[in-house]
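Notes to accompany the following structure.
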């Protein structure tokens with residue numbers, strides 16, 4: 004039986020899915036899927052077990068599709084980046100016509116162009132991953148007939164290569180003008196609260212940038228977390244700043260000041276680790 008308040012998360016075992024579970028404001032509202040056995044999640048492959056996918060989707064009022072192929076996953080498994088499109092379309096096809104579907108894209112679609120990047124920007128991706136996500140966006144929006152919202156997600160603290168990838172001896176590139184690269188970030192609790200707000204919004208644009216307003220320096224994040232790092236001369240060309248315009252998101256979610264600082268984001272990350 005369908006529960007219009009239920010939110011189905013596909014790919015719920017990934018870092019972003021785990022953060023939703025940890026910080027979701029309303030208990031018992033989330034249900035989730037994983038391709039491998041995880042306690043509390045339904046196990047099936049959405050590209051193979053389509054009947055199970057359709058059954059899971061039919062019981063929810065909203066679908067958040069976090070399933071996708073990252074560069075690390077592709078390197079480890081040999082899965083093709085094109086599966087990002089297949090996974091998104093499978094979720095859309097399985098959903099009834101009145102069910103909203105969110106599909107996870109990435110700030111990688113913007114490439115190295117100067118920001119702040121607006122959702123209306125076509126994007127000039129430079130990586131294979133960015134191209135794959137851009138192709139997924141186009142296919143999902145064309146297929147979704149107005150019921151799909153593409154999430155261009157920035158860096159989520161703890162699911163990133165800085166806090167999430169820190170290890171002893173960690174080094175950051177030093178910019179020619181001083182400091183470390185700056186990126187649009189969002190804390191894990193803010194990520195969950197933003198998605199809760201979007202799930203309850205009456206209307207949504209086709210594409211939304213997901214990040215807190217402003218940018219955060221990578222070094223400031225590690226300093227706030229008390230994690231040691233050293234500065235190094237850049238080994239390759241460094242993109243000094245990747246900033247997402249969050250005007251559209253701020254119409255749907257009001258950020259508190261501490262949600263936009265390195266200290267606030269690290270506090271959220273540490274909260275999730277306790």
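Numbering (the working numbering), first residue to last: 4 to 277.
Every residue gets a Cβ at the ideal spot worked out from N, C-alpha and C, and that includes glycine.
Out of the options, state which residue places its alpha-carbon closest to the alpha-carbon of residue i.
| i | options | result |
| --- | --- | --- |
| residue 27 | 206, 145, 200 | 200 |
| residue 271 | 44, 25, 17, 10 | 25 |
| residue 159 | 13, 22, 12 | 22 |
| residue 155 | 132, 52, 176, 80 | 132 |
| residue 82 | 101, 50, 110, 97 | 50 |
| residue 276 | 35, 40, 190, 43 | 190 |
| residue 19 | 7, 5, 35, 9 | 35 |
| residue 68 | 6, 140, 79 | 140 |
| residue 205 | 255, 236, 227, 171 | 255 |
| residue 240 | 178, 266, 264 | 178 |
| residue 29 | 267, 128, 192, 269 | 192 |
Answer yes or no: do residue i and residue j have a C-beta to C-beta separation smaller than 8 angstroms?
| i | j | result |
| --- | --- | --- |
| residue 91 | residue 106 | yes |
| residue 66 | residue 13 | yes |
| residue 208 | residue 258 | no |
| residue 183 | residue 222 | yes |
| residue 186 | residue 219 | yes |
| residue 104 | residue 150 | yes |
| residue 45 | residue 16 | no |
| residue 251 | residue 212 | yes |
| residue 224 | residue 165 | yes |
| residue 86 | residue 72 | yes |
| residue 145 | residue 62 | no |
| residue 214 | residue 264 | no |
| residue 253 | residue 118 | no |
| residue 122 | residue 242 | no |
| residue 176 | residue 237 | yes |
| residue 84 | residue 77 | yes |
Here's a check: name, in chain order, each residue in its chain whose Cβ is nearer than 8 angstroms to the Cβ of residue i, leaving out the five neighbours to either side.
| i | result |
| --- | --- |
| residue 126 | 112, 113, 114, 116, 120, 133, 137 |
| residue 60 | 11, 66, 94, 97, 98, 99, 102 |
| residue 109 | 132, 133, 136, 155, 156 |
| residue 3 | One cannot answer for residue 3 here, as it falls past the ends of the chain, which runs 4 to 277. |
Over what stretch of residues does the alpha helix (DSSP H) that includes residue i continue unbroken?
| i | result |
| --- | --- |
| residue 18 | 18–26 |
| residue 275 | 265–276 |
| residue 222 | 221–228 |
| residue 252 | 250–253 |
| residue 260 | Counting along the chain, residue 260 falls outside any alpha helix (DSSP H), and DSSP gives it neither H nor E. |
| residue 79 | 74–80 |
For residue i, which residues in the same chain have their Cβ closer than 7 angstroms to its Cβ, ignoring the five residues on either side in sequence?
| i | result |
| --- | --- |
| residue 233 | 174 |
| residue 89 | 50 |
Counting only the same chain and skipping the five closest in sequence on each side, list residues whose C-beta sits under 6 angstroms from that of residue i.
| i | result |
| --- | --- |
| residue 169 | 230 |
| residue 167 | 161 |
| residue 48 | 38 |
| residue 267 | 261 |
| residue 269 | 227, 228 |
At what residues does the beta strand (DSSP E) containing residue i begin and finish?
| i | result |
| --- | --- |
| residue 10 | 6–13 |
| residue 63 | 63–68 |
| residue 154 | 151–156 |
| residue 33 | 33–37 |
Please list the segments of the beta strand (DSSP E) lying wholly inside the segment 83–143, counting only runs of 3 or more residues, in order along the chain.
103–109
Whole runs of the alpha helix (DSSP H) within the segment 171–247, excluding any shorter than 4 residues
191–202, 221–228
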